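Counting with my numbering, you get residues -4 to 213 for the letters of the sequence shown. The C-beta atom is built at its ideal place from N, Cα and C for all residues, glycine as well. Note that the structure is a prediction, hence the values are computed from the model and not measured. Remarks on the structure that follows.
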Amino acid sequence: MADRTGVQGTERGGRVRAVLAVALTLSAAACARLPYAPKSGVEVGVASWYGQEFHGRPTSSREVFNMNDMTAAHRTLPFGTHVMVTNLENDRSVVVRINDRGPFVRGRIIDLSYAAARVLGLIGPGTARVRLENLGGFREPSRESGGIWLQVGAFSVQENAYALKKRLDKTYPGVAVTTLKTGNGIYYRVRVRADGNSADALASRLAGEGFPVILIRE
């Protein structure tokens, strides 16, 4: 009887270990499939796009989807995050704002609006391998507290403004991209925050680096 009990105990212990091993394997596999936000701020994978079928419908952020806006869906990045997307097959780039969740197809990392996909050349092929660079949230200068801003560039092409911002971020704090709508279109202005005591010195430094500096008081 003692021997039988010992055998049964051994069998039960073996079954428990086997069940635990299977559970751990399944758990690890599930975690491997979960989306994540890359710590480096750069992510590489496949992009897809969506358009007319969802035009006018609410997104996950409750914003109405407009296929002609530069927006995109991502599974984990916060709403409002701006991302530079580069098509690795033709080197075209576009900056989009995350306002939706998706894509929910395995292997894809971002779902672009029709407008963004058109810039990147995705409309025909439907998908492409891309690189995502997290630019953070969009920042407008605060009008409540006023302040001094040094404008160092204005661009009609959005990604050019963000490319300059990324370059300036390495040296200067408080760089922002703002929009200006005119009858001729939208311009993206790159500005550097300054204070009354250092504005002149900062302007001279930027001018010395070749930037066309415009001082703006608000």
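Rounded to the nearest angstrom, the gap between the Cα atoms of TYR109 and VAL152 is 17 Å. Only residues of its own chain outside the window of five on either side were considered, and among them ILE143 have a CB closer than 6 Å to the CB of ALA194, listed in chain order. Where ASP164 is concerned, there is no enclosing beta strand (DSSP E), although the alpha helix (DSSP H) around it starts and stops at 153 to 164.
With contacts defined as CB atoms closer than 9 Å, VAL125 and VAL59 fail to qualify as a contacting pair. Counting only runs of 4+ residues, the alpha helix (DSSP H) found wholly inside the region 99 to 133 occupies 109 to 115, in chain order. Taking LEU72 as the centre and dropping the five residues before and after it, the same chain places the C-beta of ALA32, VAL78, ILE93, ASN129 closer than 8 Å to its C-beta, in chain order.
Non-local beta-carbon contacts of ARG96 in its own chain, meaning distances under 7 Å to residues more than five positions away in sequence, involve SER55, ALA68, ARG70 in chain order. In the DSSP annotation of this structure, LEU72 is not part of any beta strand (DSSP E), being labelled neither H nor E. For SER199, the enclosing alpha helix (DSSP H) stretches over residues 194 to 203. The three-state secondary structure of PHE150, taken from DSSP, is strand. Taking C-beta atoms as the reference points, ALA149 and ALA156 count as a pair closer than 9 Å. Membership of THR76 in the beta strand (DSSP E) is indicated by the continuous run 76 to 82. CA-to-CA, the gap between ALA202 and PRO98 works out to about 44 Å. Secondary structure note for ARG92: its beta strand (DSSP E) is the uninterrupted segment 88 to 95. Cβ-Cβ separation between ARG87 and GLY116: approximately 6 Å, consistent with a contact (criterion under 8 Å). Looking at the DSSP output, GLU38 bridges to LEU127. A direct Cα-Cα distance of roughly 22 Å separates PRO53 from ILE118. If you look at ARG186, you'll find it in the beta strand (DSSP E) that goes 180 to 189. Rounded to the nearest angstrom, the gap between the Cα atoms of GLY131 and TYR167 is 16 Å.
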